[in-house]
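Chains as they are written, first to last, in the working numbering: chain A, 1 to 287; chain B, 1 to 314.
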């Protein structure tokens, strides 16, 4: 009797908790919902009351989306394109070269490797402001101010976390497998690509996700390095259009632009949620 | 290519320990064989990362330290050594001190609130409540939105909210700006820390909690005496991450308030960053950056050392 009662109590407690959490979830999503609603309102209606739903007078359909995408001397869709190029290239470079370097560091473990490894760890603590001015000058003097060359800087700047995580994982791979490959006549390069790389897959996904999240949203580095007139990424574009010095946009179109810049992230998140959450947990444990 | 490989061979020669040590490794079997053949490929495996690491980090970092001791400069080549003048100027700059205290207060409030909320939600979600996965998905989502977009999104929301009962905007009042930043950061980071806490909570052995229950421990006793000591590693990581994130906060600050009103909501990173735009304050900004770096590094190490002590060995 007593036991049944406690089970029942436990059940009602859980239902209450579910309801409370659900309520918090709705509040949590309100900012994004507000933005979505406002993308369908005209600029004056956005300004006068942000929280009103669109009615017959203020509803403008997809006009804001069209303006948001195409308005200005530098249209938004171009920024999206450059963002994709930079993110994909950087992630690819970081994953390939950092995993190679990490394997080398873990296996050779010479003095040079140790120094390199600790420099990488050290680079994770240094705030970006420390290299802000000098990095932009260095990049300029090397002609690295295009979306096709900025991934090289990302490789250098993102090496810290990637190498740290890859070294941690590579050390847990039994060396015997690689020895077997070398006895069978595999050279180091072949061993790496045929044997080590496939085993690194879970870590590749974790590191890839962390780097993609970083590069996709990064503002300061591209704004310092890229040539503003020719290339922008999404955060740069939003910053430049809202500060007004480059021609401000109407608020409705602004809302559409903000929403459009969130959409790819949400799609990416919902499709690889499992890996993202694992990646975050893995990154934290290593960190 | 021949150039790089010859450079690499020099490196191996330098790296290679005296032959005596090598001989010992010969006898250890195949591992030394793979190692030796691997060393020939040093330029391929380490080369690309090392080169871009020098371009992207080492070289700018060393230059940064050098420039912090230089007078007015436009480009690096026209800088002249000047001594500690920039540091003296940095320490007598009032905006720097204001931004330091603003950032410190912000960091304390945000670290406490983020960790409390993230831990509570993680705890609630690991109790077997219905819909846990959906809740987790929702709570984590804002974390993927970048700082700049997040800042503008929230500045619109805050201005809309403030419109309802005052005529002031977010950028008119320092206090609004402070709490605006706190709310924004909570919204962004609680989900991330929650994931780490969930992983920590799931790793607490069930039999330990069971044993506590059998011994007659109440729910709160179990929480404070069993669960929290066991998730101490997660607490270490989360406080470390939130603390350094708060101190380095830049994008959100720039997009939400931009330091307004009159540089009162400027945090350290933004304060330093603004200094670079003017040639007269560039050297001082670089000196501030060096101070900032030393401070953040020391803070991180001190924090790690303090919480690591409290971790229990399993």
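Backbone N, C-alpha and C fix where the C-beta goes; we use that ideal spot for every residue, glycine too.
Item to check | Element boundaries [alpha helix (DSSP H), containing residue 145 (chain B)] | outcome: The sequence position of residue 145 (chain B) within the second chain is 145, counting from 1. Counting along the chain, residue 145 (chain B) falls outside any alpha helix (DSSP H), and DSSP gives it neither H nor E.
Checklist entry - Do the stretch 61 to 72 of chain B and the stretch 123 to 134 of chain A meet, that is, are 3 or more Cβ pairs less than 8 Å apart? => result Short answer: they touch.
Checklist entry - Which ranges would you report for the beta strand (DSSP E) in the stretch 43 to 70 of chain A if only whole runs of at least 3 residues count? => result The stretch 43 to 70 of chain A contains no whole beta strand (DSSP E) run of 3 or more residues.
Next on the checklist: Only counting the same chain, and skipping five residues up and downstream in sequence, which positions put a Cβ closer than 7 Å to that of residue 75 (chain A)?
Outcome noted: Start at 1 with the first residue of the first chain, and residue 75 (chain A) comes out as number 75. So the qualifying residues of the chain are 69.
Next on the checklist: Based on DSSP bridge pairs, tell me the residues matched to residue 224 (chain A).
Outcome noted: Here residue 224 (chain A) is taken as the residue at index 224 of the first chain, counted from 1. DSSP, once it has assigned bridges, lists no residue as partnering residue 224 (chain A).
Next on the checklist: As a quick exercise: from B:164, B:310, B:286 and B:308, pick the residue whose alpha carbon is nearest that of residue 66 (chain B).
Outcome noted: Locating residue 66 (chain B) in the second chain gives position 66, where the first residue counts as 1. The option with the nearest alpha carbon to residue 66 (chain B) is B:286.
Next on the checklist: Based on DSSP bridge pairs, tell me the residues matched to residue 41 (chain A).
Outcome noted: On the first chain, residue 41 (chain A) is found 41 positions in, with the first residue counted as 1. In the DSSP output, where bridge partners are listed per residue, residue 41 (chain A) has A:59.
Next on the checklist: Using the three-state DSSP reduction, which class does residue 113 (chain B) fall into: helix, strand or coil?
Outcome noted: Position 113 of the second chain, counted from the start, is the residue given in the question as residue 113 (chain B). Of the three classes helix, strand and coil, the one that applies to residue 113 (chain B) here is helix, per DSSP.
Checklist entry - When the distance is taken between beta carbons, is residue 133 (chain A) closer than 7 Å to residue 276 (chain B)? => result Start at 1 with the first residue of the second chain, and residue 276 (chain B) comes out as number 276. Start at 1 with the first residue of the first chain, and residue 133 (chain A) comes out as number 133. With contacts defined by Cβ atoms closer than 7 Å, residue 276 (chain B) and residue 133 (chain A) form a contacting pair.
Checklist entry - Would you say residue 275 (chain B) faces chain A, with C-beta separation under 7 Å as the test? => result Walking along the second chain from the start, residue 275 (chain B) turns up at place 275. Residue contact check for residue 275 (chain B) against chain A: no CB pair falls below 7 Å.
Checklist entry - Helix, strand or coil: which one does DSSP assign to residue 70 (chain B)? => result As a first step, residue 70 (chain B) is located in the second chain; it is residue number 70 there, counting from the start. Here residue 70 (chain B) sits in strand by DSSP.
Checklist entry - Quick one: is residue 57 (chain B) buried, meaning 16 or more other Cβ sit within 10 Å of its Cβ, or exposed? => result Position 57 of the second chain, counting from 1, holds the residue named residue 57 (chain B). It counts as buried.
Checklist entry - Going by other Cβ atoms of all chains shown within 10 Å of its Cβ, with 16 needed for buried, is residue 255 (chain B) buried or exposed? => result Stepping through the second chain from its first residue, residue 255 (chain B) is reached at position 255. Looking at its Cβ environment, which holds 16 or more other Cβ atoms inside 10 Å, residue 255 (chain B) is buried.
Checklist entry - Counting only beta-carbon atoms, is residue 309 (chain A) nearer than 7 Å to chain B? => result Given that chain A is displayed from residue 1 to residue 287, the structure contains no residue 309 (chain A) and the question cannot be resolved.
Next on the checklist: Just verifying my parser: in three-state terms, what is the DSSP assignment at residue 256 (chain B)?
Outcome noted: Position 256 of the second chain holds residue 256 (chain B). Note: residue 256 (chain B) maps to helix in three-state DSSP.
Next on the checklist: I'd like to know whether the C-beta atoms of residue 189 (chain A) and residue 102 (chain A) end up nearer to each other than 7 Å.
Outcome noted: To locate residue 189 (chain A), count along the first chain from 1; it is residue 189. To locate residue 102 (chain A), count along the first chain from 1; it is residue 102. At least 7 Å separates the beta-carbon of residue 189 (chain A) from that of residue 102 (chain A).
Checklist entry - Which chain A residues sit within Cβ distance under 8 Å of residue 37 (chain B)? => result By one-based count along the second chain, residue 37 (chain B) stands at place 37. Going along chain A in sequence order, the residues near residue 37 (chain B) (Cβ under 8 Å) are 182, 187 and 188.
Checklist entry - Taking Cβ positions only, does residue 152 (chain B) come closer than 7 Å to chain A? => result For the purposes of this step, residue 152 (chain B) is identified with residue 152 of the second chain, where counting begins at 1. By this cut-off, residue 152 (chain B) is an interface position.
Next on the checklist: Using the Cβ count rule (16 or more neighbours within 10 Å means buried), how would you classify residue 236 (chain B)?
Outcome noted: Stepping through the second chain from its first residue, residue 236 (chain B) is reached at position 236. Residue 236 (chain B) comes out buried.
Checklist entry - What distance in whole Å lies between the Cβ atoms of residue 41 (chain A) and residue 59 (chain A), which are believed to be in contact at a cut-off of 8 Å? => result Numbered from its first residue, the first chain carries residue 59 (chain A) at position 59. Numbered from its first residue, the first chain carries residue 41 (chain A) at position 41. Taking the Cβ atoms as the reference, residue 59 (chain A) lies roughly 7 Å from residue 41 (chain A), within the contact range of under 8 Å.
Checklist entry - Cα separation between residue 114 (chain B) and residue 186 (chain B)? => result Taking the first residue of the second chain as 1, we reach residue 114 (chain B) at position 114. Taking the first residue of the second chain as 1, we reach residue 186 (chain B) at position 186. One C-alpha to the other measures close to 6 Å.
Checklist entry - Does any C-beta atom of chain B lie closer than 7 Å to the C-beta of residue 232 (chain A)? => result Within the first chain, numbered from 1, the residue matching residue 232 (chain A) stands at position 232. No, because no Cβ of chain B sits closer than 7 Å to the Cβ of residue 232 (chain A).
Checklist entry - Going by Cα to Cα distance, which pick from B:197, B:156, B:96 and B:52 is closest to residue 278 (chain A)? => result As a working note, residue 278 (chain A) is residue 278 in the first chain. Out of B:197, B:156, B:96 and B:52, B:197 has the C-alpha closest to the C-alpha of residue 278 (chain A).
Checklist entry - In the structure shown, what three-state DSSP assignment does residue 142 (chain A) receive? => result Position 142 of the first chain, counted from the first residue, corresponds to residue 142 (chain A). Judged by DSSP in its simplified three-state form, residue 142 (chain A) adopts coil rather than helix or strand.
Checklist entry - Using CA coordinates, which residue listed in A:231, A:73 and A:187 is at the minimum distance from residue 37 (chain B)? => result By 1-based counting over the second chain, the position of residue 37 (chain B) is 37. By alpha-carbon distance to residue 37 (chain B), the top candidate from A:231, A:73 and A:187 is A:187.
Checklist entry - Roughly how many whole angstroms lie between the Cα atoms of residue 106 (chain A) and residue 170 (chain A)? => result Taking the first residue of the first chain as position 1, residue 106 (chain A) is located at position 106. Taking the first residue of the first chain as position 1, residue 170 (chain A) is located at position 170. Rounded to the nearest angstrom, the gap between the Cα atoms of residue 106 (chain A) and residue 170 (chain A) is 7 Å.
Checklist entry - Starting from residue 235 (chain A) and walking both ways along the alpha helix (DSSP H), at which residues does that stretch end? => result Walking along the first chain from the start, residue 235 (chain A) turns up at place 235. 234 to 243 is the span of the alpha helix (DSSP H), which, as asked, contains residue 235 (chain A).
Next on the checklist: Please list, in chain order, the chain A residues whose beta carbon lies closer than 8 Å to that of residue 50 (chain B).
Outcome noted: What you label residue 50 (chain B) is simply residue 50 of the second chain in a count that begins at 1. The answer, in chain order, is 101 and 116.
Checklist entry - Rounded to a whole number of angstroms, what is the C-alpha to C-alpha distance between residue 150 (chain A) and residue 280 (chain B)? => result Along the first chain, one-based indexing puts residue 150 (chain A) at 150. Along the second chain, one-based indexing puts residue 280 (chain B) at 280. Roughly 29 Å separates the two Cα atoms.
Checklist entry - If you measure from the beta carbon of residue 169 (chain A) to each beta carbon in chain B, is any gap under 7 Å? => result Taking the first chain and counting its residues from 1, one reaches residue 169 (chain A) at position 169. Cβ-Cβ to chain B under 7 Å: no for residue 169 (chain A).
Checklist entry - For residue 39 (chain A), which residues from the same chain have a beta carbon less than 6 Å from its beta carbon, with the 5 sequence-adjacent residues on both sides left out? => result Position 39 of the first chain holds residue 39 (chain A). Excluding positions up to five away in sequence, the list reads 64, 255, 256 and 259.
Item to check | Expected contact under 8 Å - CB spacing of residue 154 (chain A) and residue 94 (chain A) to nearest Å | outcome: Taking the first residue of the first chain as 1, we reach residue 154 (chain A) at position 154. Taking the first residue of the first chain as 1, we reach residue 94 (chain A) at position 94. Contact between residue 154 (chain A) and residue 94 (chain A) holds: their C-beta atoms lie close to 7 Å from each other, under 8 Å.
Checklist entry - So which residues of chain B does residue 205 (chain A) contact, with C-beta pairs closer than 9 Å? => result Locating residue 205 (chain A) in the first chain gives position 205, counting from the first residue. For the C-beta of residue 205 (chain A), not a single chain B residue is nearer than 9 Å; the gap to the nearest is close to 16 Å.
Next on the checklist: Just to confirm my understanding: we take residue 6 (chain A), look at its own chain, exclude 5 residues before and 5 after, and list those with CB closer than 6 Å. What are they?
Outcome noted: Position 6 of the first chain, counted from the first residue, corresponds to residue 6 (chain A). Same-chain partners within the cutoff: there are none.
Checklist entry - Residues in its own chain within less than 8 Å of residue 106 (chain B) by CB, not counting five upstream and five downstream? => result For the purposes of this step, residue 106 (chain B) is identified with residue 106 of the second chain, where counting begins at 1. Excluding positions up to five away in sequence, the list reads 178, 181, 182, 246, 249 and 267.
Item to check | Among B:151, B:292 and B:223, the one whose alpha carbon lies nearest that of residue 124 (chain B) | outcome: As a position in the second chain, residue 124 (chain B) is number 124, starting the count at 1. When only C-alpha atoms are compared, the closest one is B:223.
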